[in-house]
Amino acid sequence: MSDFLVDATSRTPKIELNAQAGTLLLAGESYPEDVTQFYGTLNENLDAYFATSPTALTVSIKLTYFNSSSARALMELMDRLDGAASDGITVTIDWYCDPEDDITQEFAEDIGADITNATLTLHDLDRDDE
Amino acid sequence: MEFDRFFKFSQLLLNDQFVLSYSGYVSEDILHAVGETLRERLEGHAKSSTQIRNVFSIFVELMQNIIRYGVDGPQPGPTDAEKPSFGIVMVADDGDHMNVLAGNFVSADEAKDLTERVNTLQACSSDELRALYRDKLRAPSEAQSKGASLGLIEIARRSSVPIECSSEDAGNGHYFFMIKASV
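What follows is the structure in structure tokens.
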């Protein structure tokens, strides 16, 4: 399949799903006007990617801010990734958080605790990434 | 509006301690435009990037609550809007804290319901709020409308002091519901 690339806006993150490399990047801000539509498109493309029977996917989350509606969409995204991992795809999730943002770190920790098949690791988000 | 009323209004608002205030009908476009302005203003007022993040986060959740749950006030709103939601949002620096206040019209039932939700959150520790947020995130959609919304819990978590609320009878079955968080 072809790559799925979305440019960042001031309220939606950059998305880079690189099918050849087996990588997914989400970077930037997330408080979309229509959360369901924004993450729905990503989910459709992910499903299409998983349908090609890849061996592995490495996911990088570098979100500097996301609102509570996006939090729910991200939780659903993590469930989808975990589901793919239970189907035999090696899914590695690297979640980058601002070390000063306790609430986002706790969110990533809680999400990580709910994931059973994929691997989620927390990292410090460099200021350069913002 | 006559000049004397306009002047009184300006004396209330045009003080340095007010980082930003918005009153009027709220939409996603307005949330975005006012939110970007708020961030620029906070760069000059806030004590840290953490304070900016928390104030901005509370602001977004408050504005989206008004968009979703606000009703038209006693004065008829614009007819072209899908669902006119009138509200006031204010960010004010009292020296110690950045206070974020929002007010909007709701029905009598909603005012009672919202007050109960805020009172419940007021009594929660930060660990309890974290657990509540986690539960709410996982709640099936039919249960999402019950209890405090995810947005309200987010506001409580980002606030340095327990969130407060108050409501005033605005007549015609409307209540003006007010909520305050501080960072």
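Keeping their order, the protein sequence lines are chains G and B.
Residues in the first sequence are numbered consecutively from 363, following the numbering used here.
Residues in the second sequence are numbered consecutively from 6, following the numbering used here.
We put the beta carbon where it would ideally sit given N, CA and C, even for glycine.
Status (buried if at least 16 other CB within 10 Å, exposed otherwise) for residue i
i, result
"B/LEU157", "buried"
"G/THR478", "exposed"
"G/SER364", "exposed"
"B/PRO145", "exposed"
"G/GLY402", "exposed"
"B/VAL166", "exposed"
"G/PRO461", "exposed"
"B/PHE181", "buried"
"B/PHE91", "buried"
"B/GLU159", "buried"
"B/GLY114", "Here residue 114 of chain B turns out to be Asp, not Gly, going by the sequence shown. It counts as exposed."
Through-space distance from residue j to residue i, alpha-carbon basis
i, j, result
"G/PRO394", "G/MET437", "16 Å"
"B/ALA175", "G/SER430", "30 Å"
"B/ASP140", "B/ASP132", "12 Å"
"B/PHE110", "B/LYS185", "15 Å"
"G/LEU366", "B/VAL65", "Going by the sequence as given, residue 366 of chain G is Phe instead of Leu. Going from the Cα of G/PHE366 to the Cα of B/VAL65 covers about 28 Å."
"B/LYS117", "G/THR385", "48 Å"
"B/PHE12", "B/SER26", "16 Å"
"G/ALA418", "G/GLN382", "11 Å"
"B/CYS129", "B/VAL188", "17 Å"
"G/GLU492", "G/TYR427", "In this predicted model, G/GLU492 has a pLDDT of only 49, less than 50, meaning its place in the structure is not dependable; the value taken from the coordinates is given anyway. Each residue's alpha carbon lies about 10 Å from the other."
"G/THR466", "G/ASP486", "11 Å"
"G/ALA470", "G/VAL368", "23 Å"
"B/ASP99", "G/ARG373", "29 Å"
"G/ASP409", "G/ALA447", "13 Å"
Inter-residue CB distance, residue i and residue j (contact presumed, cutoff 8 Å)
i, j, result
"B/GLN69", "B/LEU36", "7 Å"
"G/LEU387", "G/SER422", "5 Å"
"B/ARG135", "B/ILE63", "Their Cβ separation, rounded to whole angstroms, is 17 Å, which puts B/ARG135 and B/ILE63 out of contact at 8 Å."
"G/ALA370", "G/VAL397", "That belief does not hold up - the Cβ atoms of G/ALA370 and G/VAL397 are roughly 16 Å apart, past 8 Å."
"B/VAL94", "B/LEU126", "Actually they are not in contact, since the Cβ atoms of B/VAL94 and B/LEU126 sit about 19 Å apart, beyond 8 Å."
"B/VAL123", "B/ILE168", "6 Å"
"G/ALA480", "G/LYS424", "Wrong, their Cβ atoms sit about 17 Å apart, outside the cutoff."
"G/GLU391", "G/PRO375", "6 Å"
Cutoff 9 Å: residue i Cβ touching any chain D Cβ
i, result
"B/SER90", "Structure shown: chain D not included; protein chains present are G and B."
Which of the residues in the segment 367–398 of chain G, read from start to end, lie with their CB under 7 Å from any CB of chain B? Within the segment 367–398 of chain G, the residues whose Cβ lies closer than 7 Å to some Cβ of chain B are SER372, ARG373, TYR393, GLU395, listed in chain order.
At a Cβ cut of 8 Å, what residues of the segment 427–438 of chain G count as close to chain B, listed as they run along the chain? Answer set for the segment 427–438 of chain G: TYR427, ASN429, SER430, SER431, ALA433, ARG434, MET437.
Report task. Could you run through the segment 39–70 of chain B and flag, in chain order, every residue whose CB is less than 9 Å away from some CB of chain G? Result -> Listed in chain order, the positions of the segment 39–70 of chain B with a beta carbon within less than 9 Å of a beta carbon of chain G are GLY40, GLU41, SER53, SER54, THR55, ARG58, ASN59, PHE61, SER62, VAL65, GLU66, GLN69.
According to a CB-to-CB cut-off of less than 7 Å, which residues of the segment 455–475 of chain G neighbour chain B? Correct list: GLU462, ASP463, ILE465, GLU468, ASP472.
Original post:
Closer than 7 Å, Cβ to any Cβ of chain G: which residues of the segment 158–180 of chain B, in chain order?
Top reply: Closer than 7 Å at the C-beta level to chain G, one finds these residues of the segment 158–180 of chain B: GLU159, ARG162, ARG163.
Report the residue ranges of all beta strand (DSSP E) runs contained in full by the segment 117–187 of chain B; include only those spanning at least 3 residues, in chain order.
Counting only runs of 3 or more, we get 169–176, 179–187.
query = Looking at chain G, which residues of the segment 24–40 of chain B have a Cβ within less than 7 Å of any of its Cβ atoms?
reply = Identification of residues in the segment 24–40 of chain B having a C-beta nearer than 7 Å to some C-beta of chain G yields GLU33, HIS37, given in sequence order.
- For the segment 121–150 of chain B, which residues have a beta carbon sitting closer than 7 Å to at least one beta carbon of chain G? Within the segment 121–150 of chain B, the residues whose Cβ lies closer than 7 Å to some Cβ of chain G are ARG135, ARG139, LEU142, listed in chain order.
Jot down the residue ranges of each uninterrupted alpha helix (DSSP H) in the segment 393–430 of chain G, minimum 4 residues, whole runs only, in chain order.
Entirely contained in the segment 393–430 of chain G, the alpha helix (DSSP H) runs reaching 4 residues are, in chain order, 397–412.
In the segment 430–458 of chain G, which residue ranges form an unbroken alpha helix (DSSP H) of at least 4 residues, counting only runs that do not cross its ends? Counting only runs of 4 or more, we get 430–448.
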